[in-house]
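Comments concern the structure below.
Numbering (the working numbering), first residue to last: 237 to 654.
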């Protein structure tokens, strides 16, 4: 329920999702008013869905189409319509009208959207048949975001930045990135579990969902650890991505983890996030599995099994973890009459396992076969899908294409600059 697709996902991601039993995904990225050379948008995803319906391609179902991430003026490259910057109240209707015509279901909100604009956007979106999902904006309290109806919140830092003494100052800081960086120790040391629990109760009351994507925090915690970095699934990642995107991410986090002031801090944040997952689950916050594919050391398909394991290590039962990947997302999407459980009359997209994951959650990896849109993939076909992606990734041709798409994408250039 949290991934990102690019122009080359047909080769790089889709086969690996199916091979790992992932039959449906929610993409959390999009485009502005023109096709981007790197990021996929609603047009590509709806096309992939149409092709899947005729079994012309191998890919998971894309549920709920996303806008581009709304992050204030800095996120919009030059030459695009001003309303995407969301600097004026009048921009909100223009933005919502545009994305309604693009068949988008929700507006992806990000960190730096102005509080006044966010509130107007949250109130207006339902009138256009859309909702808000994504990050909790820095300049808005989680309480306000819940009360304004944001439908899902992403990532493991959700409560970390809300339940420490500097939370209000972080929201009003002139340089929130610097304030957050200096507050990381306090976020752990001065954590207020009562405050977090109160917010979790509010989420349950308002049916707000949480996708903690624990794999992103795990990467930050173990970027200095060679046993973590030497992941065999790295063979499914193009060299260009490993070198120029993941490489710098690894180096930056390694340096921070090995520094005197940063020693064990990322690990402590990751551990605290898992504690919060346990508490949120006990309180009744609906939790969904997501991995944030395209982020460093997140692997399409494979990482969902890591996320399931992390959810159980956070205190969820094996059954509860599986429900976070099945019935709970189906209810979120509003498709629980078709998906999420195995029942007569429901769509038979299935992963068939050799061993019972209720006994050991790692058995989710023991895949005997996958049924996707009426097509059965046995173990030989599953292996073919993996070999196909690995062979494509290793070609000079795809690496040059990926490099060109990165350099020629104005959206990616802005994100890299940030």
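Every residue gets a Cβ at the ideal spot worked out from N, C-alpha and C, and that includes glycine.
With fewer than 16 other Cβ atoms inside 10 Å of its own Cβ, residue 643 counts as exposed. Look at the segment 467 to 535 and you find no whole run of beta strand (DSSP E) that is 3 residues long or longer.
Membership of residue 389 in the beta strand (DSSP E) is indicated by the continuous run 388 to 390. Leaving aside the five residues that flank residue 534 on each side, the residues in its chain whose CB is nearer than 6 Å to its CB run, in chain order, 451, 527 and 528. Residue 281 and residue 478 have their alpha carbons spaced roughly 25 Å apart.
In this structure, the beta-carbon distance from residue 367 to residue 342 falls below 7 Å. Assignment of residue 336 by DSSP, reduced to helix, strand and coil, places it in the helix class. Two segments are said to touch when three or more pairs of C-beta atoms, one from each, lie closer than 8 Å; by this definition the segment 578 to 597 does not touch the segment 304 to 318. Cβ neighbours of residue 386 within its own chain (closer than 6 Å, five residues either side excluded): 368.
When the Cα atoms are used, residue 433 and residue 514 turn out to be separated by approximately 11 Å.
DSSP places residue 408 in the uninterrupted alpha helix (DSSP H) bounded by 403 to 408. Straight-line measurement puts the Cα of residue 554 at about 33 Å from the Cα of residue 380. In the structure shown, the three-state DSSP call for residue 269 is coil.
The residue among 575, 461 and 297 with its C-alpha nearest the C-alpha of residue 253 is 297. For residue 284, the enclosing alpha helix (DSSP H) covers residues 278 to 289. Judged by DSSP secondary structure, residue 611 falls outside any alpha helix (DSSP H) and instead within the beta strand (DSSP E) spanning 611 to 613. The criterion of a C-beta distance shorter than 7 Å is satisfied by residue 489 and residue 459. With three or more CB-CB distances shorter than 8 Å, the segment 550 to 569 counts as touching the segment 498 to 515. Boundaries of the alpha helix (DSSP H) harbouring residue 254: 250 to 255, taken from the DSSP string. Counting of Cβ neighbours within 10 angstroms places residue 370 among the buried residues, the total reaching 16 or more. Residue environment analysis places residue 516 among the buried positions, since at least 16 neighbouring C-beta atoms fall within 10 angstroms of its C-beta.
Contact between the segment 302 to 314 and the segment 644 to 651 is present: three or more C-beta pairs spanning the two stretches fall below 8 Å.
Around the Cβ of residue 468, a 10 Å sphere holds fewer than 16 other Cβ atoms; the residue is exposed. With distances taken between CA atoms, residue 422 lies nearest to 501 out of 493, 640 and 501. DSSP, reduced to helix, strand and coil, places residue 292 outside both helices and strands of the structure shown, so it counts as coil.
Per DSSP, residue 412 is one residue of the alpha helix (DSSP H) stretching across 412 to 425. For residue 647, no beta strand (DSSP E) run applies; the uninterrupted alpha helix (DSSP H) run containing it begins and ends at 646 to 653, by DSSP.
Looking at 544, 652, 641 and 568, the one whose alpha-carbon comes closest to that of residue 258 is 544. Annotation for residue 608: the continuous beta strand (DSSP E) segment containing it runs 603 to 608. The beta carbons of residue 347 and residue 374 sit about 5 Å from each other, so the pair counts as a contact at 8 Å.
Using a Cβ distance threshold of 7 Å, residue 378 and residue 435 count as a contacting pair.
The bridge partners DSSP lists for residue 588 are 605. DSSP places residue 240 in the coil class of the three-state scheme, outside both helix and strand. Our two residues, residue 600 and residue 240, have alpha carbons roughly 23 Å apart in a direct line.
Rounded to the nearest angstrom, the gap between the Cα atoms of residue 617 and residue 605 is 9 Å.
Ranking 408, 356, 487 and 338 by CA distance to the CA of residue 329 puts 356 first.
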